[in-house]
Amino acid sequence: MGEQRFLIKSCAHIMRKTQSHLDCALKKYGLTSGSYPYLLALSDEEGINLDTVSRRVGVDKAMSTRTIQKLMERGYLEKIPDASDSRAFQLYLTDRARECIPKIRREIMRCIGILTAGMTGEEKDAAARLLGRMEKNAGNLECKGKGSFK
Numbered sequence: 038m039g040e041q042r043f044l045i046k047s048c049a050h051i052m053r054k055t056q057s058h059l060d061c062a063l064k065k066y067g068l069t070s071g072s073y074p075y076l077l078a079l080s081d082e083e084g085i086n087l088d089t090v091s092r093r094v095g096v097d098k099a100m101s102t103r104t105i106q107k108l109m110e111r112g113y114l115e116k117i118p119d120a121s122d123s124r125a126f127q128l129y130l131t132d133r134a135r136e137c138i139p140k141i142r143r144e145i146m147r148c149i150g151i152l153t154a155g156m157t158g159e160e161k162d163a164a165a166r167l168l169g170r171m172e173k174n175a176g177n178l179e180c181k182g183k184g185s186f187k
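Residue numbering for the sequence shown follows the numbering used here, starting at 38 and increasing by one per position.
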């Protein structure tokens with residue numbers, strides 16, 4: 038078992054520190070560690086709907102609805118009614134968001150640089166590959182009710 042027993046603790050600690058760092062760095066833009074992923078998802082593909090952006094960000098639709106509303110209020114997103122489905126809408130970045138995205142990416146790269154300081158390129162690649170596999174496996178951890186998992 039060895040070091041494996043610290044895996045969840047380490048992942049949680051890295052997540053908290055990363056969120057705190059990004060919250061501080063993005064505060065000047067009125068963004069948080071929970072809101073910037075929506076802008077990045079839409080920078081990859083504008084015009085997607087709530088369901089799609091929720092899946093890409095990895096949160097439920099209720100959380101996405103609240104976050105999207107805040108981003109609209111802050112002038113980062115706009116909703117356009119979907120011509121093919123009157124109940125749905127498509128999401129688009131505003132000019133303000135487009136101007137901010139390179140700054141967000143710089144902050145993320147700065148954060149990654151801090152986290153990977155002292156690692157070789159090979160170690161960084163291995164860490165990214167292994168964390169990607171763990172992220173994929175994490176989908177199996179979703180709770181399906183009282184005390185039961187998939």
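Heads up, the beta-carbon is just placed ideally off N, CA and C, and yes, glycines get one too.
CA-CA distance, residue 82 to residue 111, rounds to 20 Å. Contact between residue 87 and residue 73 does not hold, since the beta-carbon distance rounds to 18 Å and is not under 8 Å. Between the region 85-100 and the region 121-129, the count of C-beta pairs closer than 8 Å reaches three or more; the two stretches touch.
In the DSSP assignment, residue 144 falls within the unbroken alpha helix (DSSP H) covering 132-152. For residue 101, the secondary structure class from DSSP, reduced to helix, strand or coil, is helix.
In the three-state reduction of the DSSP assignment, residue 172 falls in the helix class, which pools H, G and I. Pairing residue 123 with residue 158, the inter-Cα distance amounts to about 49 Å.
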